[in-house]
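One structure below.
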């Protein structure tokens, strides 16, 4: 059995340092690189791409709402044509630079509030899918299990990898619990590892109403989580002990 382990990276910018990319990068199989709209700057983007190339990690674009002040975690209401252009612009940055400094763009995973908005909003989901159309034949979309985004992307012929999360709790509708709720983010690494092993080995996730079916191909670790380094080290060990290869 294999699983892709992805992490949001390149989110530092200017004099602000976010995450611990140098330690995490060798332990994962794919990375989602901020495109400058919630984090990242030109040098950080290039350095992160080079680091991914060095460690043979697949490169993804991580576009967001234009919300540097809010780290992309504030929901915005932007006309579809404008939103498509905003997303396409960000993907293009990572695409071009990844072809200069590495082996090209592997996937796209939208960030934060944009990702959550696309879970159940058809207009937002369609804007994301339309933005990806120039990369339809070459690039994968990472999308959440049960999301409108995953459904529309598949209908439009995009390749999709379904994603689960290490550090987030789930609602009964299988959307991520809003960060505004105190218990939305796991604090116990034991609970995180148990959640991932349930997802990978049993195709199930626990919600307030009990266990529900889920099926994913990639697992996300948030690089800005304060325990991210410890999480990824313990998780990779636990997966390998279960005979699960990270690829």
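Numbering (the numbering used here), first residue to last: 633 to 879. Glycine residues also receive a C-beta, built at the ideal position from the N, C-alpha and C atoms.
Asked: Spatially closest choice to residue 648 from 687, 700 and 714, by CA coordinates; Found: 700
Asked: Cross-strand partners of residue 690 (DSSP beta bridge); Found: 662
Asked: Check whether residue 844 and residue 851 have beta carbons under 7 Å apart; Found: no
Asked: Contact check, residue 743 vs residue 799, beta carbons under 7 Å; Found: no
Asked: Per-residue burial, residue 877 [other beta carbons within 10 Å of its own, 16 or more giving buried]; Found: exposed
Asked: Cβ contact check for the segment 811 to 819 and the segment 866 to 876: 3 or more pairs under 8 Å; Found: no
Asked: Three-state secondary structure (DSSP) of residue 791; Found: strand
Asked: Whether residue 778 touches residue 651 by CB criterion (7 Å); Found: no
Asked: Length of the line joining the Cα atoms of residue 873 and residue 684; Found: 25 Å
Asked: Three-way DSSP call (helix, strand, coil) for residue 641 in this model; Found: strand
Asked: Beta strand (DSSP E) runs contained entirely in the segment 717 to 792, provided each spans 3 or more residues; Found: 772 to 776
Asked: Same chain, Cβ closer than 6 Å to residue 727, neighbours up to 5 away in sequence not counted; Found: 737
Asked: Residue closest to residue 654, alpha-carbon to alpha-carbon, out of 752, 802, 861 and 697; Found: 861
Asked: Span of the alpha helix (DSSP H) around residue 827; Found: 821 to 834
Asked: Sufficient close CB pairs (3 or more, under 8 Å) joining the segment 674 to 689 to the segment 638 to 647; Found: yes
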